[in-house]
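Residue numbers for the sequence shown follow the working numbering, so the first one is 1 and each next one is one higher. Glycine included, each C-beta is placed from N, C-alpha and C at the ideal position. Treat the numbers as computed from the prediction; the structure is a model and nothing was measured.
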Amino acid sequence: MKAITTYLSPELLSGTSAFITGGGSGVNLGIARCFAQVGADIAICGRTPERLEAAAEELGELGATVSISVADVRDMDAMSAAFIKARNDIGPISTVVCGAAGNFLAPAETMSSNGFRTVIDIDLLGSFHAAHAAFDQLKETRGSLLFISAGQSDAPYLYQAHVGAAKAAIDSLVRHLALEWGPHGIRSNTIVPGPIEGTEGMKRLAAQVGRQAWTDGIALGRFGTAEEVGAMAVVLASPLASFVTGARIVVDGGLALSGSGIFNHALAVASADRTPAGDR
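Structure (structure tokens):
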């Protein structure tokens, strides 16, 4: 299949800079690749230096100037420093993708307070910290905020109460920021990916119950790709979506149309393994 970004101008976001939290791996790295392919310079942050350095090398080969920061999104001061560094390295930020996330399977009745809080802190507080740290630069560039949510924010999934709570709160945060920051020219939108091919979490879960158990609930009958999520992020960040804010865009191949029943069956089978499902 032809790369999606070849349908977009390689200069669509030339002269702009995108900051992606958790951009060293998974879907977030896929998003960063797409931004680089349409001319944006890139800043990524995460907790693993080696992963960030490998990602930066790959993004550099696509033509982007890359800034990396070893920073935990749960630390407001660290995020503020990361955005200052990014501005010094690649100029004022035009787009922020709040993608850093945590996930693991756990029944609500046995989940620890610390486990629940960890996901809230990474997903919700981390997203707020990134948006807050970026505000002055986004006001200057009249830029765009993109938040990565999940289907659990809208439909109940077994063993995902912590994730559902965090993502539902993010969906609400997005709408509030769209209203409050719109007068500054800042747009705020949500992307809701479905199951994505090649991510550590989906590889592990598919291995436990078989791919068919997952794809049966997806109208298009397959997993998505990180590039398909990244292409939507590029469009939302670009002038093509200049009048779009406060929106929740689902990129799940039609999974939400069938409800969460089939996924809940697969999760019930997979629940024997309580290890973290990994970064999306």
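{"query": "Alpha carbons only, please: which of Pro10, Ser94, Ala130 is nearest the one belonging to cysteine 45?", "result": "Ala130"}
{"query": "How should asparagine 28 be labelled, buried or exposed, when 16 other C-beta atoms within 10 angstroms of its C-beta is the threshold for buried?", "result": "buried"}
{"query": "To the nearest angstrom, how far is it from the Cα of glycine 15 to the Cα of alanine 241?", "result": "18 Å"}
{"query": "On the three-state DSSP scale, how would you describe valine 27?", "result": "helix"}
{"query": "Does DSSP classify arginine 280 as helix, strand or coil?", "result": "Note that arginine 280 scores a pLDDT of 39, beneath 50, so its modelled location is shaky; the value from the coordinates is reported in the next line. Coil at arginine 280, not helix or strand."}
{"query": "For proline 193, which residues does DSSP report across the bridge?", "result": "Val251"}
{"query": "Identify every residue that forms a DSSP beta bridge with valine 70.", "result": "Gly46"}
{"query": "Measuring alpha carbon to alpha carbon, tell me which residue in Ala231, Phe243, Pro239 is nearest valine 250.", "result": "Ala231"}
{"query": "Let me check one thing: in DSSP terms, what residues is alanine 18 bridge-paired to?", "result": "Ile42, Thr95"}
{"query": "Would you report the Cα separation of proline 92 and glutamate 140, rounded to the nearest angstrom?", "result": "8 Å"}
{"query": "Within the same chain, show all residues whose beta-carbon is closer than 6 Å to that of valine 70, passing over the 5 residues directly before and after it, in chain order.", "result": "Pro49"}
{"query": "Beta carbon of glycine 224, beta carbon of glycine 99: below 7 Å?", "result": "no"}
{"query": "So is arginine 87 buried or exposed if we call it buried at 16+ other beta carbons inside 10 Å?", "result": "buried"}
{"query": "At the 7 Å Cβ level, is proline 49 part of the contact set with chain D, yes or no?", "result": "Protein chain content of the structure displayed is limited to a single chain, and chain D is not contained in it."}
{"query": "Among Ser127, Leu125, Ala150, Phe19, which one has its Cα closest to the Cα of aspartate 89?", "result": "Phe19"}
{"query": "Roughly how many angstroms lie between the CA atoms of phenylalanine 83 and valine 269, to the nearest whole one?", "result": "42 Å"}
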